[in-house]
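These notes concern the structure reproduced below.
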Amino acid sequence: MRKIQIITLFPEMFGGVLNSSMMWKAQKIGAVDFRMINLRDFGLGLRKTVDDIIYGGGDGMLLMPEPLFNAVENAKQYDPTAKVVLMTPRGKRWQQATAKTWADSDENYIFVCARYEGYDERVTTLVDYQVSVGDYVLTGGELAAMTVIDSVVRLIPGVLGGETSSEIESFSDGETLEYPQYTRPEVFRGMEVPKVLLSGNHGEIAKWRQDHSIKAE
Ligand code: SAM
């Protein structure tokens with residue numbers, strides 16, 4: 039069973055995503071085990087402080103190193119060889135090919151979700167992978183971590199219903215987007231399903247699908 043631990047100040051954000059659909063199924067069939075770690079539990083002092091002002095000036099606050107180091111060390115006690123994944127706009131852009139590599143590997147992961155203006159840079163000494171989900175800034179690492187986790191866990195063998203269904207999805211070759219698809223009715227508000235898809239001619243259908251798969255920009 040693959041183990042995924044998540045360090046966050048907002049563990050409640052994950053409930054809906056991890057307990058629905060494929061993530062729920064993945065846990066039910068024993069493919070994955072999720073463990074939430076509340077960074078606040080590792081905060082300092084009576085107020086459980088996790089952030090402080092930024093050296094050199096600047097607006098906002100940064101996550102301090104000590105609570106994050108202690109949280110990661112706690113996660114490592116539970117799973118000593120797990121890889122630490124830091125969610126950051128400075129990371130490597132997340133891609134379907136990496137999701138597949140991680141799904142097919144035997145690695146376990148500890149996701150670190152930052153908040154505020156981010157984290158003290160010394161935290162990166164703990165980290166195996168720095169991942170960005172795109173060229174935009176989110177309020178925190180939680181949505182980014184959920185995106186990465188979902189894209190990996192659904193590809194763990196046995197999680198998706200049709201074992202081949204992930205192989206013909208968008209980006210599975212790194213660049214091609216899936217062809218358009220239709221279901222019943224044949225005519226909806228005057229819009230018709232392409233005739234070839236109703237023909238039963240598998241060769242023609244395959245050709246149409248190939249012709250209508252486009253390259254991602
Ligand atoms: N001050 C940072 C900057 O300009 O790069 C942005 C900090 S952001 C408000 C807080 C946290 O959200 C980040 O440290 C990171 O953990 C997460 N985050 C925001 N955007 C992200 C992205 N595109 N990919 C991954 N994580 C992201």
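Quick note on numbering: the sequence shown equals residues 39 to 255 in the working numbering. No residue lacks a Cβ here, since even glycine has one placed at the ideal position from N, Cα and C.
Tell me the residue span of the alpha helix (DSSP H) that contains residue i.
i, result
"lysine 233", "Unbroken run through lysine 233: none, as it is neither H nor E."
"glutamine 219", "First-last for glutamine 219: undefined, no H or E at that position."
"aspartate 158", "Taken as a continuous stretch (DSSP letters only), aspartate 158 belongs to no alpha helix (DSSP H), as it is neither H nor E."
"aspartate 249", "240 to 250"
"valine 55", "53 to 56"
From residue i to residue j, what distance separates their C-alpha atoms?
i, j, result
"tryptophan 246", "phenylalanine 209", "19 Å"
"alanine 113", "proline 105", "12 Å"
"threonine 214", "methionine 229", "26 Å"
"phenylalanine 226", "tyrosine 220", "11 Å"
"threonine 163", "glycine 54", "32 Å"
"valine 88", "aspartate 188", "27 Å"
"arginine 131", "lysine 66", "30 Å"
"glycine 96", "valine 161", "19 Å"
"aspartate 90", "valine 169", "24 Å"
"aspartate 79", "histidine 250", "52 Å"
"aspartate 142", "proline 195", "8 Å"
"alanine 183", "proline 223", "38 Å"
"methionine 74", "valine 175", "23 Å"
"glycine 98", "glutamate 159", "15 Å"
"methionine 125", "proline 232", "43 Å"
"valine 33", "glutamine 133", "With the chain running from 39 to 255 in the structure shown, residue 33 is simply not present."
"valine 165", "valine 123", "6 Å"
"aspartate 144", "glutamine 248", "34 Å"
"serine 59", "isoleucine 45", "22 Å"
"leucine 235", "glycine 241", "11 Å"
In three-state terms, what does DSSP make of residue i?
i, result
"isoleucine 45", "strand"
"glutamine 65", "helix"
"glutamine 133", "coil"
"valine 169", "strand"
"leucine 198", "coil"
"valine 150", "strand"
"threonine 185", "helix"
"valine 175", "coil"
"methionine 229", "strand"
"lysine 86", "coil"
"methionine 39", "coil"
"threonine 214", "strand"
"proline 126", "For the sequence presented, residue 126 should be read as threonine rather than proline. The answer is strand: DSSP assigns threonine 126 an E or B state."
Quick check: is any heavy atom of the ligand SAM less than 7 Å from the C-beta of residue i?
i, result
"threonine 126", "yes"
"glycine 179", "yes"
"glutamate 159", "no"
"leucine 176", "yes"
"glutamate 104", "no"
"serine 170", "yes"
"glutamate 242", "no"
"glycine 95", "no"
"alanine 152", "yes"
"alanine 137", "no"
"alanine 109", "no"
"alanine 254", "no"
"glutamate 155", "yes"
"alanine 69", "no"
From what residue to what residue does the beta strand (DSSP E) around residue i run?
i, result
"phenylalanine 107", "Premise fails: phenylalanine 107 lies in the alpha helix (DSSP H), 103 to 116, not in any beta strand (DSSP E)."
"arginine 73", "70 to 76"
"isoleucine 91", "89 to 91"
Determine, for residue i, whether the minimum Cβ-Cβ distance to residues of chain D falls below 8 Å.
i, result
"glutamine 133", "In the structure shown, chain D does not exist; there is a single protein chain."
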